[in-house]
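Presented below is the structure to which this report refers.
There are 2 protein chains.
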Amino acid sequence: MNSSDRRIAVLGAGYMGSAITFPITDNNIEVNLWGTWLDDEIIYLCKNNKPHPKLDRHLNPQVKLFYSDDLDNALKNIDAIIIAVSSEGFTSVYDILLDKMDVEKPIIAVTKGFVEKDDTVYRISEYADLMYKKRFGENIKWASIGGPVKAVELSRRVPTATIIGTASKIIRRLFNIFSTKYYRISFTDDIIGLELSSALKNVYAIAMGICDGYYSNREDDLYHNFKSLIFMESIEEMAFLSKYFGALKSTPYGLAGTGDLYVTASSGRNSLYGKRIGMGQRADTAYEDMLKGDKLVEGYNTLRLGFKYIESRGVDVEKDLPLYDILYKIIFEDGRYNGQLDELPERIKIS
Amino acid sequence: MNSSDRRIAVLGAGYMGSAITFPITDNNIEVNLWGTWLDDEIIYLCKNNKPHPKLDRHLNPQVKLFYSDDLDNALKNIDAIIIAVSSEGFTSVYDILLDKMDVEKPIIAVTKGFVEKDDTVYRISEYADLMYKKRFGENIKWASIGGPVKAVELSRRVPTATIIGTASKIIRRLFNIFSTKYYRISFTDDIIGLELSSALKNVYAIAMGICDGYYSNREDDLYHNFKSLIFMESIEEMAFLSKYFGALKSTPYGLAGTGDLYVTASSGRNSLYGKRIGMGQRADTAYEDMLKGDKLVEGYNTLRLGFKYIESRGVDVEKDLPLYDILYKIIFEDGRYNGQLDELPERIKIS
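Chains A and B, in that order, give the protein sequences. Under the numbering used here, the first residue of the first sequence is numbered 73, with each subsequent residue one higher. Under the numbering used here, the first residue of the second sequence is numbered 73, with each subsequent residue one higher.
Set out below in structure tokens:
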């Protein structure tokens, strides 16, 4: 089959949903880009030949645009669906999607994090599979996308490495077609490890932001050793969790964990949020302030839901995840930073 | 044995040799700090109660100071020797040391990199063991120190994680005594993996510096994806080499590789050197300039010797280490940066 016969639906016209249309359409594959009810203005602007307002760039002509009330048409004649909404919007979009789908299609998620339904927290792929089985009586053909991919840079065709977690050969073949000179794709079977890393790197980037905000204000920039200690502890805790949940311990050491944390800690809203806290702002105020500026801090919600997910499945957070524990207490108990990270070096496990 | 009965000789009174005296003497262990012929002025100043000129800090009173012509006395009544000279000075100091040693002692090296003797390149521990066997007919009791440790920060007691590669129980016990609230020590048996990581992270930090220097001058700071791709490729190449040389593939993913590269790429002379090249300076001129400013770029020599070491042992650098290959060509063939890193994304191995 020629790549030009393919068509992909992308749900969510925010940063990542729109950015991922670039490598796909650069391969001459058509994209139906559907905007959620929050994206109607974006769709309107793009339909009127304006640049995408978040990416500040015109989308490729192979991208067909669909308003939120036109999901049925967006799903017509497609080979696969990429979901690229925020983790907070995932369940509602996904539930509608399953309702509208008449035949089975591979589903690929850029969305990272945890979702909560009826007081239970799930990994996104876990929730997706559960609902899919209810609807179709079959296992889902699923992929999670991970790795260090900032959307604006992808839309500029900055060389980017990504990793796809999937057990589906169909999806692998599809992504092999998506690959371009600037969009380098690798694969793993370890969906759970990739998903945990992708979600939790947003949490740990907050800790690194706190370190930046607090220490870069003091003395002569002398906190690199400590920052690296925090970076490595973040990865070790992701590796612990990956193993704990039956996934590969090695996944967080690769693109999905280390690679993505590297990017996320050096730029982006999660580390910026941490920086504000490190500089003295209250954790809740900082969150609200950024939300008002249209900057949803995903790591904030992932920290809370992740805690519930991890604890409810028997992990001793205080003992096994000291950095996670300290961060949770800063943000949801103490409410501000008073040097709590100072206790980390004595609490990390050393071998 | 009480810690106060212990005494450690540290050879080399530059940054790291002097910095490591802090956690040791904070544990009430005496240190004999011996300066090489390049360090006599440092020793003079410290003996006269001035701050250490590189660390800009007074050493602890438990540090006894020895001029370069007084090595015999520096080696009296000691439990172990820490070598902290530059890789260029290693063989000459080590050869003298073996000459002076009358009984066997554990030897610990902060020195990272490769050494060359009679046109053969060795890892430092390899050379050390070879010479030790000649001298004593026994295997050396050896440790290599790795991990993200900037000397100035260690001397400020900034929380620091380090990793010690050793097969010696005696050395493990010793380091357990060196540990402090701020100096967190972990261990590995994998000396080779640690040594390769510690040496090569200086090389790869140059590549990251080039990326910084080149791209941070252009467009709106949009090169995080690419920088992370380079970061991860650095670690993957270290992992490839670690495995190739019979060591653990996992070692570079930990403190010795990822952790140390994280620090080295964000500050320090190797990344600074790369930055100059990325900004357009010739590779040799940049090296000479920095040397004049008393800033020896260790990664420059490690790149050259490492290449010889790796090639002479059968690695296909062009195929298996594309980033190393590109960097080597930039610095020792083309002599300047003309965007050669752009070919990396297509050359990396993807799985």
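Beta carbons are placed, not taken as given, at the ideal position from N, Cα and C, and that holds for glycine.
Within chain A, the residues that residue i reaches when beta carbons sit closer than 7 Å
i: residue 222 of chain B; result: 296, 297
i: residue 327 of chain B; result: 304
i: residue 334 of chain B; result: 300, 303
Cβ-Cβ distance between residue i and residue j below 8 Å
i: residue 297 of chain B; j: residue 231 of chain A; result: yes
i: residue 279 of chain B; j: residue 251 of chain B; result: no
i: residue 105 of chain B; j: residue 93 of chain B; result: yes
i: residue 303 of chain A; j: residue 337 of chain A; result: yes
i: residue 79 of chain A; j: residue 151 of chain A; result: yes
i: residue 197 of chain B; j: residue 263 of chain B; result: yes
i: residue 423 of chain B; j: residue 247 of chain A; result: no
i: residue 165 of chain A; j: residue 155 of chain A; result: yes
i: residue 371 of chain A; j: residue 223 of chain A; result: no
i: residue 274 of chain B; j: residue 374 of chain B; result: yes
i: residue 396 of chain B; j: residue 220 of chain B; result: no
i: residue 398 of chain A; j: residue 413 of chain A; result: yes
i: residue 168 of chain A; j: residue 81 of chain A; result: no
i: residue 328 of chain A; j: residue 218 of chain A; result: yes
i: residue 256 of chain B; j: residue 233 of chain B; result: yes
i: residue 172 of chain A; j: residue 131 of chain A; result: no
Proximity test, Cβ basis, 8 Å: residue i and chain A
i: residue 396 of chain B; result: no
i: residue 168 of chain B; result: no
i: residue 218 of chain B; result: no
Interface residues of chain A facing residue i [CB-CB closer than 8 Å]
i: residue 254 of chain B; result: 417
i: residue 277 of chain B; result: Within 8 Å Cβ-Cβ: nothing; residue 277 of chain B doesn't reach chain A, min ~12 Å.
i: residue 225 of chain B; result: 294, 295, 296, 297, 298
Sequence-distant residues of the same chain with beta carbon closer than 7 Å to residue i, five excluded per side
i: residue 367 of chain B; result: 341
i: residue 149 of chain B; result: 79
i: residue 188 of chain B; result: 377
i: residue 323 of chain A; result: 260, 262, 265, 266, 269, 314, 329
i: residue 139 of chain A; result: 107, 112, 115
i: residue 160 of chain A; result: 373
i: residue 400 of chain B; result: 375, 379
Neighbouring residues, chain B, relative to residue i (Cβ below 7 Å)
i: residue 423 of chain A; result: 258, 259
i: residue 228 of chain A; result: 294
Contacts of residue i in chain B (Cβ-Cβ under 9 Å)
i: residue 339 of chain A; result: 293, 296
i: residue 86 of chain A; result: In chain order: nothing, as chain B lies at least about 18 Å away.
Any chain C beta carbon closer than 8 Å to residue i
i: residue 232 of chain B; result: Among the protein chains of the structure shown, namely A and B, there is no chain C.
Proximal residues to residue i (C-beta, below 6 Å), its chain only, five neighbours per side dropped
i: residue 319 of chain B; result: 262, 264, 265
i: residue 227 of chain A; result: 91, 94, 127, 129
i: residue 344 of chain B; result: none
i: residue 88 of chain B; result: 156, 182, 223
i: residue 346 of chain A; result: 278, 281, 282
8 Å CB neighbourhood of residue i in its chain, flanking five on each side removed
i: residue 393 of chain A; result: 309, 312, 313, 382, 387
i: residue 408 of chain A; result: 349, 352, 353, 354, 355, 402
i: residue 241 of chain A; result: none
i: residue 301 of chain B; result: 416, 417, 420
i: residue 203 of chain A; result: 166, 167, 170
Chain-ordered chain A contacts of residue i [CB-CB under 9 Å]
i: residue 352 of chain B; result: Near residue 352 of chain B there are no residues of chain A at all, since even the closest Cβ is about 21 Å away, more than 9 Å.
Residue-chain proximity (residue i, chain B), Cβ-Cβ < 8 Å
i: residue 330 of chain A; result: yes
i: residue 212 of chain A; result: no
i: residue 420 of chain A; result: yes
i: residue 73 of chain A; result: For residue 73 of chain A, the predicted structure reports a pLDDT of 47, less than 50, and the residue's modelled location is therefore unreliable. A value from the coordinates is still provided. Chain B contact via Cβ: absent.
Worksheet item: Quick one: any contact between the region 313-330 of chain B and the region 380-398 of chain B, if contact means 3 or more CB pairs under 8 Å?
Response: yes
Discussion item. Any contact between the region 176-187 of chain A and the region 213-221 of chain A? By contact I mean 3 or more CB pairs, one from each, below 8 Å.
Written reply: yes
Discussion item. Can you confirm whether the region 133-140 of chain B touches the region 411-422 of chain A when touching is taken to mean that 3 or more C-beta pairs between the two stretches lie within less than 8 Å?
Written reply: no
Discussion item. Across the region 183-196 of chain A and the region 116-131 of chain A, are there enough close Cβ pairs to call them in contact, namely three or more that are closer than 8 Å?
Written reply: no
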